[in-house]
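Those letters in the sequence shown? Residues 53 to 373, by our numbering. All C-beta atoms in this analysis are idealised placements derived from N, C-alpha and C, irrespective of residue type, glycine included. Working notes, beginning with the structure itself.
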Amino acid sequence: MPHSFLIDPSSSSAVPNQAAAGSPRRRLPRVAGALAAAGLLWLAGGCSTPEEMFLDTADMSSLGSMDASANPDGSMATGELPCEVRDLLAKHCQSCHSDPPKAAPMALMTYAQLAAPSKADAKKTYAERSVMRMQDGARPMPPAPAATVPQKEIDAFAAWVSAGRPSKKCETMQPDDPFAKPPMCSSGKTYMGGTPKEEMNPGLACLACHKSKGKAAEVTLAGTVYITGHEPDKCLGGPASGMPMATVEITDANKRVISLPVNASGNFLYRGSMAIALPYTAVVKWNGKTREMKGSQMNTDCNGCHTQDGSNGAPGRIALP
Ligand code: HEC
Ligand code: HEC
Ligand code: HEC
Numbered sequence: 053m054p055h056s057f058l059i060d061p062s063s064s065s066a067v068p069n070q071a072a073a074g075s076p077r078r079r080l081p082r083v084a085g086a087l088a089a090a091g092l093l094w095l096a097g098g099c100s101t102p103e104e105m106f107l108d109t110a111d112m113s114s115l116g117s118m119d120a121s122a123n124p125d126g127s128m129a130t131g132e133l134p135c136e137v138r139d140l141l142a143k144h145c146q147s148c149h150s151d152p153p154k155a156a157p158m159a160l161m162t163y164a165q166l167a168a169p170s171k172a173d174a175k176k177t178y179a180e181r182s183v184m185r186m187q188d189g190a191r192p193m194p195p196a197p198a199a200t201v202p203q204k205e206i207d208a209f210a211a212w213v214s215a216g217r218p219s220k221k222c223e224t225m226q227p228d229d230p231f232a233k234p235p236m237c238s239s240g241k242t243y244m245g246g247t248p249k250e251e252m253n254p255g256l257a258c259l260a261c262h263k264s265k266g267k268a269a270e271v272t273l274a275g276t277v278y279i280t281g282h283e284p285d286k287c288l289g290g291p292a293s294g295m296p297m298a299t300v301e302i303t304d305a306n307k308r309v310i311s312l313p314v315n316a317s318g319n320f321l322y323r324g325s326m327a328i329a330l331p332y333t334a335v336v337k338w339n340g341k342t343r344e345m346k347g348s349q350m351n352t353d354c355n356g357c358h359t360q361d362g363s364n365g366a367p368g369r370i371a372l373p
C-alpha cells in the first residue's frame, strides 16, 4: 500500500482501514507518534505502514467547520490570509500541502486549516507548528532537499502567528493597475531632441541639471507623467496624442494651487517667479479622474523619486489616473 498512510482531511476515502473512532484527545499521543513515524518513513521512502499509522478522520473532518471556541488559543478559526502568509505557503508548501494534499498529511490552503490544532501537538495550531517546522534543522519544512524558506519570509509568517493570526484579505492588484504592468515604453517613442525645450529629457530628474547648470533656466518644479508605472528614461510619456490633456496640480504650504499642463512628451514644469512654499502636495488630473500623492514633499524634482523602478519609496513613475 504505497503512500497509503498519507492523511487526507478532505476525503476519508484516502485513508483505508480507518482505526476505531475514539475521542480525538484520548487518541492524540498515539496519533502523534504515528505521524512522526509516518514522516520518518515518508522521508526514508518507506512504503509499508503498520495499521497503527492510519489516523482516524473522525476528528479531522471537523476542521473546516470548527468554531471559534474550538481553537486551543481561543482565537478565531476563520478569516483571510494576508499576502505574506498566502505567498509563503504557495511558494514553499502547497506543492504538497494542497487540498487535497499530495504528499503531506494535511492541506495548508485556508485560514481554517492553519488555525486547526496540529496532530503532532494539539495545543498548537498548524500555523504554530509551521513556524517551528520551517526552522527545525533536523526535520525542516519543506523537507530536504528543498531549499529552506528565507528567514525574512519566516519572520513575516511568524509575526502574523504571534500577533494572533489577524484576518487580512490579500488584495490582488487590479488588472488595470499601471504599477502592476511590466516595464514598457507605452508611446513607443524615445526623446531625440529637436523639440521645444519644455519637452526635453522626459523621465530624467530635471532639477539635477537645472539647479546646478547655470545655462539651464530656472525650472523650480518638474516631472513627467506616464501611462504606466515603470517606463524607461527618455521614453515619451503623457496621454497619447488625441487623448484629453492631463494636468498636474500642486498645492503648496500656503494653499496656493498651481495647475501645470502635461506637454507632448509627458513633461510638466513650473518656471513661475513666485516660490513654491514647502512642503507641497500633488495630484494628477485626467479625463475626470485623479491620482494623488498621499504624502507631502519637500523636494520639487519629481522624477528624482519617480524613476522607472521608483526610489525613496515612490512606486515608480507618476502615472495617469
Ligand atoms: C515535499 C512535500 C512537502 C512540502 C513542500 C512541505 N511539506 Fe510539510 N509535510 C510533509 C510531510 C510528508 C509531512 C508529514 C511528515 C512530517 O511531519 O515530517 C508534513 C508535515 C507538516 C506539518 C505537520 C507536522 C507537524 O510537525 O506539526 C506541518 C505543520 C508542515 N508540514 C508544514 C509545512 C510548511 C509550513 C511547509 C512550507 C514551508 C511545508 N510543510 C512544505 C511534506 C511537505
Ligand atoms: C542632463 C541635464 C538636463 C536634464 C536632465 C534636463 N535638462 Fe532641461 N536643460 C538642460 C540644459 C543644459 C539646458 C540649456 C541648454 C539648452 O537650451 O539646451 C536646458 C534647457 C531647458 C529648458 C529651456 C530653458 C529656456 O530658458 O529656454 C527647459 C524648459 C527645460 N530644460 C526643461 C527640462 C525639463 C522639464 C526636464 C526634465 C523632464 C529637463 N529639462 C531635464 C539640461 C537638462
Ligand atoms: C522625495 C520623493 C518624492 C518626490 C520628489 C515626489 N514624490 Fe510623488 N510619491 C513619493 C512617494 C514615496 C509616493 C508613495 C506614497 C504617497 O502616495 O505619498 C508618491 C506617490 C505619488 C503619486 C501617487 C502614486 C500612486 O500610488 O498612484 C503621485 C501622483 C505623485 N507621487 C506625484 C508626484 C509629483 C507630481 C511630484 C512632483 C511635483 C512628486 N510626486 C514628487 C515620493 C516622491
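{"Check": "When the distance is taken between beta carbons, is Cys287 closer than 8 Å to Cys357?", "Outcome": "no"}
{"Check": "Just mark Asp353 as buried or exposed, buried being the case when its beta carbon has 16 or more other beta carbons within 10 Å.", "Outcome": "buried"}
{"Check": "Using only the heavy atoms of ligand 1, determine whether one of them is closer than 7 Å to the beta carbon of Ser170.", "Outcome": "yes"}
{"Check": "Once the 5 residues before and after Lys337 are set aside, which same chain residues still bring their CB inside 7 Å of it?", "Outcome": "Ala298, Thr299 and Glu301"}
{"Check": "Is it the case that the Cβ atoms of Pro373 and Phe231 are separated by a distance below 8 Å?", "Outcome": "no"}
{"Check": "Would you check if the region 136–156 and the region 182–198 touch, i.e. whether three or more CB-CB distances between them fall below 8 Å?", "Outcome": "yes"}
{"Check": "Compute the beta-carbon to beta-carbon distance between Ala164 and Thr177, rounded to the nearest angstrom, for a pair I have assumed lies under 8 Å.", "Outcome": "With 8 Å as the limit, Ala164 and Thr177 do not qualify as a contact, their Cβ atoms being about 10 Å apart."}
{"Check": "Using only CA atoms, which one of Ser170, Asn315, Gln187 and Leu330 lies nearest to Glu250?", "Outcome": "Asn315"}
{"Check": "Can you tell me which of the three DSSP states Cys287 falls into?", "Outcome": "strand"}
{"Check": "Apply the 10 Å Cβ neighbour rule to Pro254 and answer buried if 16 or more other Cβ atoms are within range, or exposed otherwise.", "Outcome": "buried"}
{"Check": "Spatial neighbours of Val271 within its chain, please: C-beta separation below 8 Å, excluding the five flanking residues on both sides.", "Outcome": "Cys258, Leu259, His262, Leu321, Tyr322 and Arg323"}
{"Check": "Are Pro331 and Ala305 touching if we call contact CB-CB under 8 Å?", "Outcome": "yes"}
{"Check": "For the beta strand (DSSP E) holding Leu321, just list the boundary residues, first then last.", "Outcome": "Asn319 to Tyr322"}
{"Check": "Can you give, in chain order, each stretch of the alpha helix (DSSP H) that sits fully within the region 159–245 and has at least 4 residues?", "Outcome": "163–167, 178–186 and 203–214"}
{"Check": "Nearest-angstrom Cα distance between Arg344 and Asp229?", "Outcome": "Looking at the sequence shown, residue 344 is not Arg but Glu. Straight-line Cα distance between these residues: approximately 14 Å."}
{"Check": "Please state the DSSP three-state secondary structure of Leu259.", "Outcome": "helix"}
{"Check": "Considering only the alpha carbon of each residue, which of Ala329, Glu283, Thr247 and Met161 lies closest to Ser348?", "Outcome": "Ala329"}
{"Check": "Alpha carbon to alpha carbon, what distance is there between Cys148 and Ala155?", "Outcome": "5 Å"}
{"Check": "Whole angstroms are fine: how far does the CA of Lys346 sit from the CA of Pro248?", "Outcome": "32 Å"}
{"Check": "Please look up how many angstroms separate the CB atoms of Gly318 and Thr276, rounded, as I've assumed it's under 8 Å.", "Outcome": "5 Å"}
{"Check": "Pick helix, strand or coil for Val335, following the three-state DSSP scheme.", "Outcome": "strand"}
{"Check": "With a threshold of 7 Å (Cβ to nearest heavy atom), would Asn351 be considered close to ligand 2?", "Outcome": "no"}
{"Check": "For Arg369 versus Tyr278, is the C-beta spacing smaller than 8 Å?", "Outcome": "yes"}
{"Check": "So, with DSSP's three-state summary, where would you put Val314?", "Outcome": "coil"}
{"Check": "Just checking Glu250 against ligand 2 - is the residue's beta carbon closer than 7 Å to any of the ligand's heavy atoms?", "Outcome": "yes"}
{"Check": "How about Leu256 and Asn364: are their beta carbons less than 8 Å apart?", "Outcome": "no"}
{"Check": "Going by DSSP in three states, Glu377 sits in which element: helix, strand or coil?", "Outcome": "Not covered by the structure: residue 377. The range shown for the chain is 53 to 373."}
{"Check": "Less than 8 Å separating the beta-carbons of Lys220 and Glu132?", "Outcome": "yes"}
{"Check": "Taking 7 Å as the cut-off, does the CB of Cys261 come closer than this to any heavy atom belonging to ligand 2?", "Outcome": "yes"}
{"Check": "Could you tell me which of Ser214, Asn339 and Lys307 sits nearest to Met295, measuring between CA atoms?", "Outcome": "Asn339"}
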